[in-house]
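Worksheet for the structure shown next.
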Amino acid sequence: MSRYNFRESEAKWQQRWRERQSFAARHDPARPKYYVLEMFPYPSGKLHVGHVRNYTMGDLVARYHRARGYNVLHPMGWDAFGLPAENAAIAGGIHPAIWTAENIATMRAQLERMGFAYDWAREIATCHPEYYRHEQKMFLDFLAKGLAYRKESWVNWDPVDHTVLANEQVIEGRGWRTGALVEKRLLAQWNLRITKYSDELLDALKSLDRWPERVRLMQEHWIGRSEGARVTWALDGRQDSIEVFTTRPDTLFGASFLALSPHHKLAEALAKDDAALAEFIAECDRTGTSEEAIETAEKRGYRTGIDAVHPLDQARRVPVYVANFVLMEYGTGAIFGCPAHDQRDLDFARKYELPIVPVVLPPKENPQSFAVGDTAYVDDGTIFNSSFLDGLSVADAKRAVGERLETLGVGERTIAYRLRDWGVSRQRYWGCPIPVIHCPDCGIVPVPEDDLPVELPMDVDFAMAGNPLDRHPTWKHVACPYCNSPSTRETDTFDTFFESSWYFLRFCSARAPIAFERDAAQYWMPVDQYIGGVEHAVLHLLYSRFFMRALKECGYLDLDEPFGGLFTQGMVCHQTYQNEAGDWLFPEEVTSGADGGLSDETGHPVIAGRLEKMSKSKKNVVGLDTIVDTYGADTARLYLLSDSPPERDLEWTDTGIEGIWRYVNRLWRLISEPAVALPPAGTAVSGSLSPALAAIRRATHKTIAAVTDDIDKFRFNRAVARIRELSNALEGLTEDATEAGAVLREGLETVTRLLGPMMPHLAEEMWQELGHGEMLGDVPWPVADADLARDEQVTIAVQVNGKLRATLDLPRDAAAREVEEAALALPQITRLLDGKAPRKVVVVPNRIVSVVA
RNA sequence: GCGGACGUGGCGAAAUGGCAGACGCAGCAGACUUAAAAUCUGCUCCUCGAAUGAGGGUGAGGGUUCGAGUCCCUCCGUCCGCACCA
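Using the numbering used here, you'd call the opening residue of the first sequence number 676 and step up by one each time.
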């Protein structure tokens, strides 16, 4: 019995693809294009099966479209800047550039072993100056257009590492690496004006009909458009005023206080002469920004002693507080509190004993008796206690009050967004240098284009905390390009999301001396199918959408959306194991005893934990190399496609991959040791077929249609099941008729061609074994013959009162009357009807007869 | 709190409103073998029954329909995203 020799076969076909440059994409406007892209990896060390699931799907899509006649672009690259390289440098004394290059080499070799159909000539790594020089140019263009600007912003500051931390790097108020309490600091940061496109980014979501609804919703929430009003409150006895933003201007007459953010200009000004207020603000800053901190933080306020004048009733005064729950980043950094109709305001009012005036009367409530208890009333109702608004609905009152505010010049209807501009400065070495120079005389000066790229120096020292660029003896010291005064370079680098916001454009002309050739981008873009994890639903995918618009504004291209189709695949999970001490164990350290109990290598009991996403820290990882060594790339690929729907999480099990390996060998035997002699390649099926052979031929053509449809709809697990169904049927073909060989050949060739995009090496080997000279990768996708796929006989279910009672085999498309008669004549049915005529009979052609007795 | 998704055998899962459980994993029985592995064959939702078969079954309850896993309402549970957003 022969076994499929994947080692020989996979190496052979990979070599063949390389020699023939089978997957090199050529710009050819005469042909329809298809751009498939998987989110490019961070070169962290080694590929894990989670990566490989993603790339296997992309490869299937790429090879499938190639077979369908598209000019396919399917590139791969490396998102190569980032913290882990720097941490490796700090921990192990290896330079980030070397660490990254070594990891890329390892991971590229792993990808090549998987046989993915990438155009390797277009490979990019974002840490190369030939890549990042172009984004330095983009930044200068953004600067010229006002799309980039410098602003003081509040950041998470790690006092030990001397660096800014992203929100995700702050865990329970402490730096994830140092464990130091994170401070809020005001730092001058470069920002990109993404908010300029808030409305456009929101509106265009509607056009992204090949994106998951979930991702579009997440972006919609992230942009967070809300309509409301700005209202100006004069301050009693002062010249200045406070502007608040509200979505509920209809409740203005229920106001009982104003609250300022601790970072509000007025709050800071007052703190200069008020030590207690200064201390209150300082305390607010010490509170972390993490979810836990926010949730547990008590709502606290500081009474300033200032009163504000109600804009619609000069006689009314409300106290002004500084409150810890008011965000400077949203709206105007100041709110008015209406306790009766906002839960948070209600809690605050109860605590500080402020008046609670209801102004929205719920339906069926009495204006005299209605009172707010512990719960604010936030729904619709009739306005009361509100002067000229009395009697209006909430919606009408919003309109009326908006008009009045505008007439009086004390406010206007406006729109607020949750989206904030994107802060791109990072106090890190391993990133793209921000190409500006600080001149004591000229101020901030862009690096002249001729001086690009600003390259990272290689001779850096990681021995001390903080950004090595800052401490470098010479790098930052330059002459001002305009006045020649001694100046300093910007030592911050870009957020690494900068690189991933345009890499898909670089792939269109990866070796161009400019960022990308306009023609190439206009031809290949947008990406037709983008595939990656849902964890990028907002940041990367939103930044990329912004970049397209910003680049368009700077004249780079004329397109808005980068990704026409998006698919977010599930994660690969694995059982976790812990010993009694609570230490995590690798799966290979665990053995299961005869009684089903688990133990470690020392014989101590092991507790099986929950299924979790594979991660190094929980040790529930499966090494890709081991899998490929043992079973080959194709087996791993088919397992990743077959076991779960692609959008759902997949559990990696040893028995699962074993099963696929058995299937691979069954397929190989089916081809290499056919039960019936096969006629030569190219022999068509002819002559009259026995019913059994006709059924197999029908199954063959049905399978083509079904698998094609399944792949189009990303139902890969079902496509695999269909192919297995067909190959199972072919295994059962042992009939020794003249036509049998030709029918078997047609079936085997179909299985081979359908498997081509999934298990490309095995399929090539099978295709060759079937006697074909050309490569399967060059053979067009099979087309189902609708006539051959059609059933001549159909099985029709017969229901009585909704219960299945019998089935009926009839010729296809039999007349409804005949079907009904045949059904009613069945003994099981006559028995149930007991001689009575049915009250009603529904006949669905070729499917069912439903009898109501 | 807001928003979303999901709930089907021992497990992963199928099922344009039309025969629930395709395809696979695990399991059981058998064949081959001195034996094991590999391979092959058969069985495997539950209850009753020797069997043809009968009844029940898609988180719970209700509704629409000739017909509901699928559509609608209420509830329960799980997972995910966002969250002091005014």
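Where a beta carbon is used, it is the ideal one built from N, C-alpha and C, also for glycine.
Thr1375 - containing alpha helix (DSSP H), residue span: As a first step, residue 1375 must be located in the first sequence, where it is residue number 700. Element bounds for Thr1375: Pro1366 to Asp1387.
Using DSSP with H/G/I as helix, E/B as strand and the rest coil, what is Val1526? Numbered from its first residue, the first sequence carries residue 1526 at position 851. Strand, per DSSP.
Please give me, in chain order, every unbroken run of the alpha helix (DSSP H) with length at least 4 that falls completely inside the segment 1015-1073. 1018-1027
If I measure Cβ to Cβ from Ile1386 and keep anything under 6 Å in the same chain, skipping five residues before and after, which residues do I get? As a working note, residue 1386 is residue 711 in the first sequence. Result list for Ile1386: Tyr739 and Ala1394, in chain order.
Give the DSSP bridge partners of Pro1432, in chain order. One-based indexing of the first sequence puts residue 1432 at position 757. Its beta-bridge partners do not exist; DSSP assigns none.
Decide if the segment 722-739 is in contact with the segment 1241-1260; the criterion is three or more beta carbon pairs, one per stretch, under 8 Å apart. yes
Could you tell me whether the segment 996-1012 touches the segment 915-930, using the rule of 3 or more Cβ pairs below 8 Å? yes
Cross-strand partners of Asn1254 (DSSP beta bridge): Position 579 of the first sequence, counted from the first residue, corresponds to residue 1254. Beta-bridge pairing links Asn1254 to Val1281.
Around the Cβ of His1279, are there at least 16 other Cβ atoms within 10 angstroms (buried) or fewer (exposed)? Here residue 1279 corresponds to residue number 604 of the first sequence, with the count starting at 1. Exposed.
Tyr1252 beta carbon less than 9 Å from that of Ile1282: Within the first sequence, the letter at position 607 stands for residue 1282. Within the first sequence, the letter at position 577 stands for residue 1252. It is a contact, given that the beta carbons lie within the stated cut-off.
Taking Ala800 as the reference, which of Glu895, Glu761, Glu1467 and Tyr1178 has the closest Cα? On the first sequence, residue 800 is found 125 positions in, with the first residue counted as 1. Measuring from the Cα of Ala800, the nearest candidate turns out to be Tyr1178.
Beta carbon of Val1047, beta carbon of Leu1021: below 9 Å? Here residue 1047 corresponds to residue number 372 of the first sequence, with the count starting at 1. Here residue 1021 corresponds to residue number 346 of the first sequence, with the count starting at 1. Yes, Cβ-Cβ distance for Val1047 and Leu1021 is below 9 Å.
I'd like to check one pair, Pro1121 with Leu786: are the Cβ atoms closer than 9 Å? For the purposes of this step, residue 786 is taken as residue 111 along the first sequence, with counting starting at 1. For the purposes of this step, residue 1121 is taken as residue 446 along the first sequence, with counting starting at 1. No.
Helix, strand or coil at Glu798 [DSSP, three-state]: Reading the first sequence from its first residue, position 123 is the one you call residue 798. It is coil, neither helix nor strand.
Three-way DSSP call (helix, strand, coil) for Pro1486 in this model: In the first sequence, the residue the question calls residue 1486 occupies position 811. Residue state, collapsed to three classes: strand.
Scan the segment 1103-1175 and note each continuous alpha helix (DSSP H) run of 4 residues or more that stays entirely inside, going in chain order. 1143-1146 and 1172-1175
Kindly indicate the opening and closing residues of the alpha helix (DSSP H) around Pro804. The residue you call residue 804 lines up with position 129 of the first sequence. It spans Pro804 to Ala819 - the alpha helix (DSSP H) in which Pro804 sits, taken as one unbroken run.
Which same chain residues, not among the five before or five after Asn746, have their C-beta less than 8 Å away from its C-beta? Looking up residue 746 in the first sequence gives position 71. Once the five neighbours on either side are set aside, the close Cβ partners of Asn746 are Ala700, Arg701, Asp703, Arg706, Pro707, Lys708 and Tyr709.
Would you mind stating whether Trp1456 and Met1450 have Cβ atoms separated by less than 9 Å? Locating residue 1456 in the first sequence gives position 781, where the first residue counts as 1. Locating residue 1450 in the first sequence gives position 775, where the first residue counts as 1. Cβ atoms of Trp1456 and Met1450: not closer than 9 Å.
What's the gap between the Cα of Ser1068 and the Cα of Gly1477? For the purposes of this step, residue 1068 is taken as residue 393 along the first sequence, with counting starting at 1. For the purposes of this step, residue 1477 is taken as residue 802 along the first sequence, with counting starting at 1. For Ser1068 and Gly1477, the distance between alpha carbons rounds to 50 Å.
Identify, in the order they occur along the chain, each residue of the same chain with its Cβ nearer than 7 Å to the Cβ of Tyr1198, setting aside the five sequence neighbours on each side. The sequence position of residue 1198 within the first sequence is 523, counting from 1. His702, Pro704 and Lys708, listed in sequence order.
On the three-pair Cβ rule with 8 Å, is the segment 1126-1135 touching the segment 1188-1204? no
Using 10 angstroms around the beta-carbon of Arg1181, count the other beta-carbons present and answer buried if the total reaches 16, otherwise exposed. To locate residue 1181, count along the first sequence from 1; it is residue 506. Arg1181 is buried by the Cβ-count criterion.
Do you know whose CA, among Pro1435, Ile1471 and Val1526, lies nearest Phe698's CA? One-based indexing of the first sequence puts residue 698 at position 23. Comparing Cα positions, the closest option is Pro1435.
With distances taken between CB atoms, is the gap from Thr1163 to Tyr1104 smaller than 9 Å? The residue labelled residue 1163 in the question sits at position 488 within the first sequence. The residue labelled residue 1104 in the question sits at position 429 within the first sequence. Going by C-beta atoms, Thr1163 is not nearer than 9 Å to Tyr1104.
From Ala942, Trp1336 and Asn1392, pick the residue whose C-alpha is nearest to that of Glu1322; which is it? In the first sequence, the residue the question calls residue 1322 occupies position 647. Looking at the Cα atoms, Asn1392 is the closest of the given residues.
Just mark His896 as buried or exposed, buried being the case when its beta carbon has 16 or more other beta carbons within 10 Å. Within the first sequence, the letter at position 221 stands for residue 896. Classification of His896: exposed, given that the 10 Å Cβ count is below 16.
To which residues does DSSP link Leu910 through a beta bridge? Position 235 of the first sequence holds residue 910. Answer by DSSP bridge pairing, in chain order: Ala983.
Is the segment 682-692 close to the segment 1211-1218, with three or more CB pairs under 8 Å? no
Distance, Cα to Cα, Leu1368 vs Pro1355? The residue you call residue 1368 lines up with position 693 of the first sequence. The residue you call residue 1355 lines up with position 680 of the first sequence. In a straight line, the C-alpha of Leu1368 is about 19 Å away from that of Pro1355.
Give me, in chain order, the residues of the same chain whose beta-carbon lies closer than 6 Å to that of Asp1466; leave out the 5 immediate sequence neighbours on both sides. In the first sequence, counting from the first residue as 1, residue 1466 sits at position 791. Counting only Cβ-Cβ distances below 6 Å, and skipping sequence neighbours, we find Arg1487.
Sequence ranges, beta strand (DSSP E) only - wholly within the segment 922-948, length at least 3: 932-935
Taking only three categories from DSSP, how would you classify Glu918? In the first sequence, residue 918 corresponds to position 243, counting from 1. Glu918: strand per DSSP, three-state reduction.
Length of the line joining the Cα atoms of Ser719 and Ala1350: Mapped onto the first sequence, residue 719 falls at position 44. Mapped onto the first sequence, residue 1350 falls at position 675. So the two alpha carbons sit approximately 49 Å from each other.
Beta bridge counterpart(s) of His1249 as assigned by DSSP: Position 574 of the first sequence, counted from the first residue, corresponds to residue 1249. Paired residues: Glu1287.
On the DSSP letters alone, give me the boundaries of the alpha helix (DSSP H) that Thr1330 sits inside. Here the question's residue 1330 lines up with position 655 in the first sequence. Per DSSP, Thr1330 belongs to the alpha helix (DSSP H) from Asp1329 to Ser1347.
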